[in-house]
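K.L.:
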Amino acid sequence: MPGRSDAALFKTLARILPRTRIITDSGERSLYDTDGLALYRGVPGAVLLLENAEEVIAAVRACHHHEVPFVPRGAGTGLSGGAVPLDEAWILDVTGMDRIIEIDPLESLARIEPGVVNLDLDRAASDYGLRYAPDPSSQRACTLGGNIAENSGGPHCFRHGMTTRHILALEVVLPDGTLTSLGSRSGATAGPDERGLFVGSEGTLGIAIEATVALIRRPEQVRTFLASFSSLAASCRAVSRIIASGARPAALEILDRLTIAAVEASVFRAGYPTDAEAVLLVEGEGSPAEIEEETAHVRAACSAEGALTFEEADDLEARTRLWRGRKGAFGAMGRVARDLYVLDGVVPRRALADVIEKIAAIGKKYELILSNVFHAGDGNLHPNISFDARDPEQTTRVLAAGAEILELCVAAGGTLSGEHGIGIEKRDHMGLVFTELELETQTRLRDAIDPRGLSNPGKVFPGGRSCVEAGHRGPGHAARVERIIG
Amino acid sequence: MSVETATKSIALIKRVLSQSGGPTGPFMPAGLGTRSAPPPPGVEPLTLTALSGVEDLDRDELVLTALAGTPVDRVAQEAAAVGLVLCPLIPLGTGGTLGGLYASGSESPCAPVEGHLRDAVLGVEGLTGSGAPIKSGGRVVKNVTGYDLTRFLCGSRGALAVITRLHWRLRLLPTDSIEVVIDCPATDVGARLRALRALPDPTAVRIDLNAGRTRVRALIEGGRPSASARAEQLKRGLGPGAEILSVPDEQLAPWLAPPAGTREHASVRGWIERIEELGTQSDGVATVFPYIGVGTTSAPPASAPLDAIPFGGEITRRVRSAWDPEGRLWDPHRPVPREVLS
Amino acid sequence: MTISSNPMPSGEIPGLETCIHCGLCLPVCPTYAIDRRESQNPRGRIAALRRVSEERAPLTPGLVAGLEDCLVCRACESACPAGISMEGLLLSHRTATRPTHADRATRLERWLLDEVIAHPERLELGLGALRAVRGGLARLGMRDLPSKERLIPRDLPDSIEPDPGQRVRGSVTILRGCVTDRLFRSETLAAGRLLAHFGYRVSFGAPGCCGALHRHAGLADSALRLSRERARDLLREPLSGATHDALTPHVIVSDSAGCHAALLEPLAEEPALHDLARRLTDTPSLLSTLELPPPAHPIEEPVAFFPPCHQSHGTHTVSATRALLEHVTKAGVVDLVGEDFCCGAAGMYVMRRPEKSHELGERARERWERSGSPRIIATGNPGCLLRWESLIGAGANVEVVHPVTLLARAFCGPEPL
Ligand SMILES: Cc1cc2nc3c(=O)[nH]c(=O)nc-3n(C[C@H](O)[C@H](O)[C@H](O)COP(=O)(O)OP(=O)(O)OC[C@H]3O[C@@H](n4cnc5c(N)ncnc54)[C@H](O)[C@@H]3O)c2cc1C
Ligand SMILES: Cc1cc2nc3c(=O)[nH]c(=O)nc-3n(C[C@H](O)[C@H](O)[C@H](O)COP(=O)(O)OP(=O)(O)OC[C@H]3O[C@@H](n4cnc5c(N)ncnc54)[C@H](O)[C@@H]3O)c2cc1C
Ligand code: SF4
Ligand code: SF4
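Those protein sequence lines, which keep their order, are chains A, B and C.
Numbered per this note's numbering, the first sequence spans residues 1 to 486.
Numbered per this note's numbering, the second sequence spans residues 1 to 342.
Numbered per this note's numbering, the third sequence spans residues 1 to 417.
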């Protein structure tokens with residue numbers, strides 16, 4: 001085999017793509033060196049802006065032929081380093097594939113290209129009284145391709161399930177350029193659920209070029225509740241009570257005291273009581289009769305746990321106000337320091353309060369500003385660390401604290417990630433959850449589908465194949481990556 | 001079964017699988033045999049019914065862990081004893097093991113609101129054909145750590161892995177349910193389904209066809225006042241002639257189970273056409289769950305099957321050859337256009 | 001284009017650390033909508049500035065293109081949870097790089113701004129010349145030229161007394177601006193008529209540039225000097241003593257969203273001028289504090305409202321304008337469907353980046369068409385008015401107006417000639 005040849009790949013692609021859609025300018029390439037996490041960096045060998053299925057297939061085949069690794073990329077909002085190119089992989093940017101091909105109200109589904117932005121699909125569906133349920137907080141910007149690759153969640157996934165539940169079928173280009181169809185229009189699968197395997201595979205099994213997604217009816221009525229508590233444990237117990245009552249709220253979110261303080265000190269001020277240790281946001285949806293039932297359950301649960309305050313709102317404006325602090329939490333934390341590290345771990349619900357207390361202790365130990373926002377119904381934690389990535393010593397402390405938090409989650413019976421994926425960030429922690437042999441079964445699977453190891457190398461699985469650079473780069477870095485293509 | 005015995009049994013299966021030569025397969029993992037035809041010639045059954053027992057049932061976290069050979073009905077009984085039920089609602093009383101239920105990838109008619117069966121399984125453990133350990137997911141509801149083999153192996157029919165242990169989601173036991181029904185000619189089914197689609201989704205939708213007459217049935221989980229309110233809403237939406245009936249507990253399983261017949265897959269639109277076609281035949285009989293795309297009919301369709309789904313594609317083929325290069329697990333012939341249920 | 005080594009010392013751009021790289025600004029950026037490359041979106045622009053200023057990476061042609069193509073429409077500022085100021089960042093960057101990185105278009109822009117527009121008498125001469133050659137330029141295919149009517153300014157009185165019979169509410173100075181004063185006098189006059197109608201004594205002050213365009217072009221010094229000069233002019237106006245109602249302070253009105261926004265920035269930075277900033281508003285916002293009667297001559301047709309970027313993201317006065325338009329129209333206000341992107345006028349952008357500007361203009365026109373092509377288009381910024389006039393074209397049975405023109409027509413009747 002001739003081995004990797006970027007120059008030959010460039011020549012092949014220059015015949016297919018207009019020159020403006022092959023980015024080789026060193027400065028411009030350097031803008032693709034990170035994603036929403038900004039802890040890890042790697043500059044791509046080149047960036048291809050692809051606009052249709054034929055181009056993706058041709059590009060993947062050419063990468064395969066010339067043995068050049070590649071990374072699919074959507075909006076680059078991922079929070080585990082998934083879209084960061086290692087080994088100077090080429091970026092295959094599919095944000096230009098943003099057509100909603102069809103919306104079929106009778107089948108309650110939509111067929112879309114991977115670059116469609118999550119919220120744009122939801123808006124288009126609303127014309128038919130439908131919606132796309134998974135709502136990551138980044139939904140204004142992130143693409144469905146990215147959602148599929150990460151199996152993204154969102155506040156409303158407590159009731160409606162993660163992305164994978166809403167993907168019916170996929171058209172996928174495997175890493176050697178083979179085109180294959182997964183799943184079916186009705187969502188039924190006979191035989192292994194290949195669709196389910198691809199969802200959450202973080203770009204390591206190829207590129208999704210089309211998806212058929214389920215749409216559900218928009219709720220008739222929505223009611224939002226906000227309760228505050230004098231202890232985090234009480235707020236968590238209230239959540240368990242609500243679930244045990246048989247209520248099926250759409251969302252159950254908790255903000256801890258530090259987050260409340262940050263939010264209330266920012267432009268996202270929502271009027272949350274700053275003397276509370278936790279606020280709980282609950283959203284009920286359904287028919288008016290269902291909403292009344294949910295309300296009774298939520299009220300009873302919150303008062304049984306001694307809620308300090310309790311508010312409810314039906315109209316959009318008031319609901320938006322109650323949600324404002326939750327939605328603005330990342331932004332508010334972002335204003336605390338230059339960089340924000342949003343962690344993602346899962347624990348059984350009953351362990352929530354205890355784990356959060358221990359997380360606070362870890363924050364104290366490493367002298368970091370650390371706060372928690374979490375999807376309480378699912379036990380999905382998001383400890384947020386505010387820091388400055390330019391300070392290597394601080395970055396080291398941040399990473400050490402992150403690692404301890406993950407160990408804590410796993411020890412409590414939970415796992416490494418609930419929705420952000422493993423990416424680069426957690427690949428070296430996979431050993432906390434899996435034995436060597438169990439990991440090998442997974443890497444065998446990956447190697448079977450991608451024998452040359454070209455699709456998003458260096459992600460998900462531990463291993464020293466690709467060098468990762470953490471934190472801020474020193475001067476002169478951009479010059480080092482200067483290449484000789486084009 | 002104690003953890004030690006389970007571990008020993010699993011080690012035994014592993015030994016059987018990794019033995020080259022000797023009395024080796026290919027093997028077809030087997031549960032109680034309720035769903036599968038006997039192994040094809042040359043294929044040996046690898047019976048897992050001894051690997052049985054509910055290892056943990058957590059009322060608060062709504063999750064249970066059980067060995068793959070545990071009978072589904074026993075799992076259901078243990079859950080029911082603490083007021084819980086397996087997700088999603090499935091026709092109980094049809095026998096079979098939890099591993100068989102999972103490996104045959106049965107669809108729940110309640111998928112549109114509850115999710116498919118694959119969405120209810122939180123984690124899986126097992127062995128590949130060459131005896132390597134498989135682990136995916138766990139006991140928490142949100143989990144994106146590593147490949148989602150939990151979903152991938154759902155429906156793998158013993159051809160990719162031997163399933164040993166499953167973590168399964170539970171929910172509160174529903175109290176008796178309600179159905180809203182309307183009788184109409186087969187040619188009216190399209191209009192009824194369109195009307196239903198404009199209303200909040202019922203738990204499940206079923207269409208029964210018999211000699212040109214059809215009954216469109218929408219199931220609503222009952223007990224709560226809001227369920228009656230929703231039933232009223234559906235009744236109004238379906239138009240004059242719609243009725244509300246109660247579904248007693250013991251009637252729920254038959255409601256959810258497809259009767260014997262030729263199994264077909266089609267989208268909602270495909271089913272509307274198919275029912276219109278069958279409606280013109282004097283002996284046309286069908287039971288269809290249009291929202292999940294499956295149904296059974298009395299007669300094979302005149303044309304090719306509407307939406308035949310073969311056993312896996314390129315990905316399955318590659319994984320099979322990587323996990324089981326020597327072919328120790330059986331290879332269901334593919335594609336399988338139609339599945340005949342006993 | 002020459003590429004020098006790092007033109008800026010590390011960390012010189014204030015506000016650069018604010019971005020948390022979340023990407024929530026991507027969907028609102030017009031340049032990214034037409035060119036899906038990272039260098040063409042806000043996150044990429046900030047990353048480019050970080051590379052260049054903090055990491056001393058070379059300013060490559062790709063980065064230059066991205067930074068120069070920014071419209072400074074400020075849509076990203078409204079979308080950003082972390083509170084970045086793209087205007088501030090680009091002002092610093094462009095100011096630092098202009099001496100070494102000017103292409104022909106930017107040199108011409110700079111010359112026009114510093115040598116012509118900032119000087120009322122030269123501007124007068126320039127526009128006179130433009131009037132002479134306008135026909136020829138139009139025949140050559142040049143777009144976005146002001147109409148012949150606009151090039152013949154009407155007379156403006158020094159002041160207008162409140163309508164007789166109205167309760168006198170206070171006094172207002174209307175900012176005349178520079179180009180605005182020459183090309184948009186009808187609008188200035190309409191605002192005057194309207195305010196007088198509701199009991200304000202209106203004075204017009206002297207014309208002069210506020211430095212808005214200079215801010216975008218990276219002429220920080222000129223921008224600051226000009227906005228200070230304007231502030232000083234305004235301070236010379238009788239700010240309180242002369243009001244007819246001692247309780248109502250003297251108000252300053254600017255109905256050019258760009259000028260209004262540009263004045264707010266330096267005013268906010270200088271404590272001595274804070275009082276002035278508090279008095280600065282636009283006509284619809286001022287009127288919306290009053291109990292307004294139903295209009296005597298309501299607008300019969302639906303009005304397409306296109307809020308200028310600097311009104312949406314700078315002055316934040318869109319809702320007042322929209323509410324008043326709703327108040328005076330019978331058929332209601334039509335909000336254009338689709339993403340609320342800049343029309344591409346963006347100050348001197350038309351001249352500096354004609355292709356991109358044109359593409360954005362076409363998109364804006366499509367939005368209007370998809371919204372049912374309402375016959376009246378209202379937008380409250382000079383650049384946007386010229387852009388829409390050019391998009392619609394002369395002779396079309398469509399009227400492009402400033403909201404104050406419509407309000408004046410509705411409350412005070414047809415314009416006197
Ligand atoms: C402010 C903020 C809030 C967030 N909130 C949430 C949240 O609530 N829940 C949540 O789950 N996540 C959240 N995220 C994380 C992130 O938005 C999601 O992971 C999202 O799905 C990433 O989409 P993207 O288009 O940005 O993908 P990218 O970041 O571009 O890519 C992510 C991964 O997907 C792969 N990929 C992209 N497109 C394709 C394709 N077509 N085919 C195959 N692989 C592909 C990439 O290779 C990469 O590995 C948040 C992020 C931010 C910045
Ligand atoms: C007529 C009928 C219709 C049914 N319809 C539905 C329905 O629509 N929806 C629904 O949810 N349920 C349905 N069921 C119930 C359900 O299918 C059975 O409970 C279950 O699938 C069969 O379990 P078993 O132990 O008999 O499996 P078997 O019949 O023994 O095996 C079924 C398949 O699973 C494989 N398998 C079994 N155990 C393992 C294991 N441990 N590891 C790997 N592979 C294994 C076998 O190789 C075989 O391919 C139906 C049952 C019947 C009888
Ligand atoms: S100011 Fe406008 S053009 Fe410039 S980056 Fe922001 S949104 Fe894009
Ligand atoms: S929204 Fe703000 S913080 Fe986020 S990437 Fe854009 S500029 Fe940066």
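Backbone N, C-alpha and C fix where the C-beta goes; we use that ideal spot for every residue, glycine too.
1. By DSSP's criteria, B/K135 is part of a beta bridge. Which residues make up the other side?
2. Let me know the secondary structure DSSP gives A/T180 once reduced to three states.
3. Give me, in chain order, the residues of the same chain whose beta-carbon lies closer than 7 angstroms to that of B/A50; leave out the 5 immediate sequence neighbours on both sides.
4. Measuring only between beta-carbons, confirm whether A/F310 sits less than 8 angstroms from chain C.
5. Measuring CB to CB, does C/L325 end up less than 8 angstroms from C/V303?
6. Between C/T317 and chain A, is the shortest Cβ-Cβ distance under 8 angstroms, so that the two count as touching?
7. Which of the three DSSP states, helix, strand or coil, is assigned to B/Q77?
8. Buried or exposed for C/N381, please, with buried defined as at least 16 other CB atoms from any protein chain shown within 10 angstroms of its CB.
9. With a cut-off of 8 angstroms on the beta carbons, I'd call B/I178 and B/I244 a contact; round off their distance for me.
10. Identify the contact partners of A/V499 in chain C, using a Cβ-Cβ distance below 9 angstroms as the criterion.
11. I need the boundaries of the beta strand (DSSP E) containing A/V487, first residue and last residue.
12. Give the DSSP-derived three-state secondary structure of B/L306 in the structure shown.
13. Using alpha carbons as the reference points, say which of A/G203, A/V398 and A/W90 lies closest to A/I449.
14. What did DSSP end up calling B/P290 once you bin it into helix, strand or coil?
15. Along chain D, which residues have their Cβ under 9 angstroms away from the Cβ of A/D339?
16. Determine the direct distance from the alpha carbon of B/A198 to that of B/L86, and round the result to whole angstroms.
17. Going by DSSP, what residue range makes up the alpha helix (DSSP H) through C/S319?
18. Considering B/H167, what are the terminal residues of the alpha helix (DSSP H) in which it resides?
19. Comparing C-alpha positions only, which one of B/A231, B/E276, B/G295 and B/G270 sits nearest to B/T262?
20. So that I know if they touch, is there some Cβ in chain A lying closer than 8 angstroms to that of B/A304?
21. According to DSSP, is B/F152 helix, strand or coil?
22. Can you list, in chain order, the stretches of the alpha helix (DSSP H) that have 4 or more residues and sit fully within the stretch 83–153 of chain A?
23. In chain A, what lies closer than 8 angstroms to B/R328 by C-beta?
24. From C/D103 to C/D221, what does the alpha carbon distance come to, in whole angstroms?
25. Using a C-beta cutoff of 8 angstroms, does B/P29 count as contacting chain A?
26. If we define contact as Cβ-Cβ less than 8 angstroms, is B/G115 a contact residue for chain A?
27. Can you say whether A/I491 is buried or exposed, counting buried as having 16 or more other CB atoms within 10 angstroms of its CB?
28. Please report the straight-line C-alpha distance between A/E407 and C/R37, rounded to a whole angstrom.
29. Tell me B/T5's beta-bridge partners as DSSP assigns them.
30. For C/C259, which residues in the same chain have their Cβ closer than 8 angstroms to its Cβ, ignoring the five residues on either side in sequence?
31. Within the structure, which residues are defined as neighbours of ligand 4 by a Cβ-heavy atom distance below 7 angstroms, reported in chain order?
32. Look at A/R140 and C/L24 and say whether their C-beta atoms are less than 8 angstroms apart.
33. Using a Cβ-Cβ cut-off of 8 angstroms, state whether A/N380 counts as contacting chain B.
34. For B/Y102 and chain A, any beta-carbon pair shorter than 8 angstroms?
35. Have a look at C/A47 and A/D391 and give me their C-alpha separation to the nearest angstrom.
36. Using alpha carbons as the reference points, say which of A/A247, A/D35, A/R427 and A/D93 lies closest to A/G402.
P.N.:
Let me spell this out:
1. Listed as beta-bridge partners of B/K135 by DSSP are B/E125.
2. strand
3. S9 and G69
4. no
5. yes
6. no
7. helix
8. When all chains shown are included, C/N381 counts as buried.
9. 6 angstroms
10. Nothing about residue 499 of chain A can be read from this structure; chain A reaches only from 1 to 486.
11. Since the first and last residues shown for chain A are 1 and 486, residue 487 of chain A lies out of range.
12. Note that B/L306 scores a pLDDT of 38, beneath 50, so its modelled location is shaky; the value from the coordinates is reported in the next line. Looking at B/L306 - three-state DSSP - the assignment turns out to be coil, as it is neither helix nor strand.
13. The option with the nearest alpha carbon to A/I449 is A/G203.
14. Helix at B/P290.
15. You won't find chain D in this structure, because its protein chains are A, B and C.
16. 29 angstroms
17. V318 to V328
18. Not the alpha helix (DSSP H): B/H167 falls in the beta strand (DSSP E), residues A161 to L172.
19. B/G295
20. Bear in mind that the predicted position of B/A304 carries a pLDDT of just 44, short of 50, making it unreliable; the figure below should be weighed with that in mind. No, B/A304 lies away from the interface with chain A (no Cβ there is under 8 angstroms from its Cβ).
21. Helix at B/F152.
22. 118–126 and 144–150
23. Those within 8 angstroms of B/R328 in chain A number zero; the least Cβ separation is about 15 angstroms.
24. Those two C-alpha atoms are separated by around 20 angstroms.
25. No, its Cβ sits nowhere closer than 8 angstroms to a Cβ of chain A.
26. yes
27. The question about residue 491 of chain A has no answer, for chain A in this structure spans 1 to 486.
28. Each residue's alpha carbon lies about 38 angstroms from the other.
29. For B/T5, which the question treats as bridged, DSSP gives no partner whatsoever.
30. L175, G177, T180, C210 and A212
31. A/G334, C/T18, C/C19, C/I20, C/H21, C/C22, C/G23, C/L24, C/C25, C/P42, C/R43, C/I46, C/C76, C/A79, C/C80, C/P81, C/A82 and C/I84
32. yes
33. yes
34. Residue-level contact by beta carbon fails for B/Y102 and chain A, as no gap is shorter than 8 angstroms.
35. Roughly 17 angstroms separates the two Cα atoms.
36. A/R427
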